[in-house]
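Enquirer: Structure incoming, see below.
Protein chains: 2
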Amino acid sequence: MLETTRKDQIYEVAERLFSERGYHATTMREIARELQIEGGSLYSHISGKQELLYEIVLRGSEQFLRAARDVVAAATPARARLRELMRRHLAIMAQSTPRAIVHFHEWRHLDVERQAAIRARRDEYESYVRRIIREGVVAGDFASGDERLIGLHVLSLLNWTYQWYAPGGTLNADDLADQFFDLLMRGLEPR
Amino acid sequence: MLETTRKDQIYEVAERLFSERGYHATTMREIARELQIEGGSLYSHISGKQELLYEIVLRGSEQFLRAARDVVAAATPARARLRELMRRHLAIMAQSTPRAIVHFHEWRHLDVERQAAIRARRDEYESYVRRIIREGVVAGDFASGDERLIGLHVLSLLNWTYQWYAPGGTLNADDLADQFFDLLMRGLEPR
DNA sequence: GCAACAACCTAACAAGCGTTAGTTAGGATT
DNA sequence: AATCCTAACTAACGCTTGTTAGGTTGTTGC
C-alpha cells in the first residue's frame, strides 16, 4: 500500500514535464492539467515553481550522493568500488530518468543560493570519485595518472548518459556499467 | 578590417545570453539592451527568436561537422585521426564556448522540423566517430570491441566538456585532448 | 450535528512576453 | 530635388506567466 499524496503526484508530473520541455517551457497550468485540476490549486500543496524545481534537483543529487557515500566507504578494493559506483550511478539513471535529467539539465535555473547548495553536493560527489581513484592508484589497482583528469574521465562517462540512455532498450544499466568499466580499465590499445 | 554587421552583433549577444541563461530565460529586450537599442529594433535585422536559436545551433553543428569531415577523410592511421578529432572538438569548445554550449544545451527548444535538421547533423558526426573506430579496429590500431559502445565512450568524453571546461585555465584544449586520448588508449589497468 | 479542515474552484492580478505597425531621421542614389 | 534605403524609435497588440484572494465543496473528528 504505497500511498501517494497529492504533493507526491505534483512532483512526479513536474519531474516528467521539466525533463521533457525544460523548466521555463513548462507552465504551472500544464502541470495542473495533467492532474486534472486548475493551476491555482497547486498552491494548496506547494509554495511555488522554484521550490518545485529545487526539490526535484535536490532529490536527484541526494540520490546520487547516497549511493556514492555507501560505495566509497566500503572495505573493498578501489577497483570493485569504482565498478560499483558506476553501476549505481547508471541504476539511478535508469530508475529515475526524469529526475536525473532535471538534476543534470535544469539546475542552472535555480536562484543563486539554491544553486550553491546543489553545487556543494555535486562537488562532494566528485570528491568521492577522485578519492576512489586516488586510493586505487596508491594500492596499485590503477595505473598512476592525474587524479583530477581521470575523475573527469569517469564523470563524463557517467554524466553524459542522461543525454542518450533510454532504459528498456537492449542494454540494461548494469551491463552498460560493466562494459563502460571494462573499456575504461583496458583502454583502446591492442595488446 | 573585420566588419561586423548589426546582425552579427545580435547573434553574438544572443549566443552569450542563451548560453548563460538558456533560451527561454532570455528575452528579446535583454538582447537589445546589450546593444543599446530597443527590443522591437531587432526585427529590422532578424525574423524572430526561433531563427536566432536555430542559426546559432546550426552554426555550432556545422563547425563540429566540418572538423569531423576533414579528419575522417585524412589518409592517416585511425589512431592519429581519433586524436586529431578530439583535438579539433576541444579546440572548437575553447574558441566558441558560448556557441558550443547553446548547441549542446538548447537545441531541445527548437521546433520539431529544425530539431530534426540538427539531429541529422549530430548523427552524421557520430557516424564519423564510429567509422574511425571501426577502421581502427580492422587495421589493428585499436583493440576489438563494440563499435557503438566505444563511440559513446569517446563522445561522452568530448561532449561533456561543455559542462565544465573553461578556456584560460591551466589546461589548454590541445593538452586536454592529448591527455584524454592517452588515458582512453592506455586505460586504467596497471601494466 | 456541528466545527474544522483539506482540496479544489473561479476570477483576477500585475508583469512580462514575442511581435507588429507606423513613423522618423539621415544618408545614398538617381 | 526627389526618391529610396537603413536603422532605429514609440506604442501597442494579444497572450501568457506565476501567483493570490476568496469562496465552495466533501470528509473527518468530536
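Going down the list, the protein sequences come from chains A and B. Mapping of the first sequence onto my numbering: residues 7 to 197, in sequence order. Mapping of the second sequence onto my numbering: residues 7 to 197, in sequence order. Positions of the beta carbon are idealized from the N, C-alpha and C atoms, including for glycine.
Closest by CA to Ala-31 of chain A, which one among B:Ser-67, B:Tyr-60, B:Leu-116 and B:Val-78?
Expert: It is B:Leu-116 whose Cα lies nearest to the Cα of Ala-31 of chain A.
Enquirer: Does the region 128-140 of chain A come into contact with the region 18-34 of chain B, if we say contact requires no fewer than three beta-carbon pairs (one atom in each stretch) closer than 8 Å?
Expert: No, the region 128-140 of chain A does not touch the region 18-34 of chain B.
Enquirer: With a CB to CB cut of under 8 Å and the five nearest residues on each side skipped, what residues in its chain are close to Val-19 of chain B?
Expert: Excluding sequence neighbours, Val-19 of chain B sits near Ile-37, Glu-40 and Leu-41.
Enquirer: If I'm right that Ala-149 of chain A touches Pro-196 of chain B with Cβ under 8 Å, what's the distance once you round it to whole angstroms?
Expert: Indeed, because the Cβ distance is near 4 Å, the residues count as touching under 8 Å.
Enquirer: Give me the residue from B:Trp-170, B:Arg-87, B:Asp-184 and B:Ile-124 with the minimum Cα distance to Arg-137 of chain B.
Expert: Nearest option by C-alpha distance: B:Arg-87.
Enquirer: Can you tell me where the alpha helix (DSSP H) with Ala-111 of chain A in it begins and where it stops?
Expert: Reading off the sequence shown, one finds His at residue 111 of chain A, where the question assumed Ala. Element bounds for His-111 of chain A: 103-111.
Enquirer: Residues of chain B with CB closer than 7 Å to the CB of Ala-31 of chain A, please, in chain order.
Expert: What Ala-31 of chain A touches in chain B: His-30 and His-115.
Enquirer: Closer than 6 Å by C-beta to Glu-90 of chain A: which residues in its own chain qualify, once you throw out the five before and the five after it? Chain order, please.
Expert: Cβ within range, chain order: Val-77.
Enquirer: Does the distance from the C-beta atom of Glu-112 of chain B to that of Tyr-29 of chain B stay below 7 Å?
Expert: Yes, these two residues count as a Cβ contact at 7 Å.
Enquirer: Would Ser-67 of chain A and Arg-127 of chain A qualify as a contact pair, given that the criterion is a beta-carbon distance under 7 Å?
Expert: Cβ distance < 7 Å, so Ser-67 of chain A and Arg-127 of chain A count as in contact.
Enquirer: Below 8 Å on the Cβ atoms is my contact criterion, and I expect Ala-106 of chain B with Tyr-60 of chain B to pass it. Report the Cβ-Cβ distance as a whole number of Å.
Expert: About 16 Å; that fails the 8 Å criterion.
Enquirer: When you compare the CB of Glu-21 of chain B with every CB in chain A, is at least one pair closer than 7 Å?
Expert: No, its Cβ sits nowhere closer than 7 Å to a Cβ of chain A.
Enquirer: Taking a Cβ distance cut-off of 7 Å, strictly less, list which residues of the region 132-151 of chain B are near chain A, in chain order.
Expert: The region 132-151 of chain B vs chain A, Cβ under 7 Å: Gly-146, Phe-148, Ala-149 and Gly-151.
Enquirer: Taking 7 Å as the threshold (C-beta atoms), are Ser-162 of chain B and Leu-64 of chain A in contact?
Expert: Taking 7 Å as the Cβ cut-off, Leu-64 of chain A and Ser-162 of chain B do not qualify as a contacting pair.
Enquirer: Any beta-carbon of chain B closer than 7 Å to the one on Asn-178 of chain A?
Expert: Asn-178 of chain A does not count as touching chain B.
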